[in-house]
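Right, one structure below, let's go through it.
In my numbering, the protein residues as written are 2 to 147.
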């Protein structure tokens, strides 16, 4: 039986710390500190809900946690039947990204946490994996790394 309850959302500050710096404040050695600017008290659902206005999704959209061998214990969210897929875990392997890209129908939007992608190679592969799975019927997936 589907959940027929309701969600109560309250307005709060952003899930992310202000990472804006002037050139004078920025030093090469501190750039790694700016990779994960998520506030420590925020959960993955908080980050997911912050994506809704970005992709013009209604707050009453259905949210499902995907499981299966492709996701190997990682939390992957599907919103509106796969319109948006997102993973905010740490250490997201390429197999999870491929699993997200292989969903049918193809997601319109895919989001991953930058801190969850192991290195710059994985960041590049994230976009390329979705480009490879694009087709003429369902189009391409818009990628966001937050």
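Glycine is no exception: its CB is placed at the ideal position from the N, C-alpha and C atoms. As the structure is a computational prediction, the values presented were derived from the model and not from experiment.
Is it buried or exposed for residue 142, if we count other Cβ within 10 angstroms and need 16 for buried? As a position in the chain shown, residue 142 is number 141, starting the count at 1. With 16 or more Cβ atoms within 10 Å of its Cβ, residue 142 is classed as buried.
The region 68 to 75 / the region 40 to 60 touching (three or more Cβ pairs under 8 angstroms): no
Helix, strand or coil for residue 133 per DSSP? Numbered from 1 along the chain shown, position 132 holds the residue referred to as residue 133. DSSP places residue 133 in helix when its eight states are reduced to three.
Report all residues from its chain with a CB closer than 6 angstroms to the CB of residue 87; omit the five preceding and five following residues, and keep chain order. Stepping through the chain shown from its first residue, residue 87 is reached at position 86. Here the set comprises 49, 78 and 112.
So what does DSSP say about residue 97, is it helix, strand or coil? For this step, residue 97 is matched to residue 96 along the chain shown. Reduced to three states, the DSSP call for residue 97 is helix.
DSSP-derived helix/strand/coil call for residue 65: Locating residue 65 in the chain shown gives position 64, counting from the first residue. Strand at residue 65.
Report the residue from 24, 106 and 114 whose alpha carbon sits nearest the alpha carbon of residue 136. On the chain shown, residue 136 is found 135 positions in, with the first residue counted as 1. Considering only alpha carbons, the answer is 106.
Tell me the DSSP bridge mates of residue 30? Mapped onto the chain shown, residue 30 falls at position 29. Answer is none; residue 30 lacks a bridge partner.
Beta-carbon gap between residue 69 and residue 92 smaller than 8 angstroms: As a working note, residue 69 is residue 68 in the chain shown. As a working note, residue 92 is residue 91 in the chain shown. Not in contact: residue 69 and residue 92 (Cβ atoms no closer than 8 angstroms).
Burial state of residue 46, where buried means 16 or more other Cβ atoms lie within 10 Å: Position 45 of the chain shown, counted from the first residue, corresponds to residue 46. Per the 10 Å Cβ criterion, exposed.
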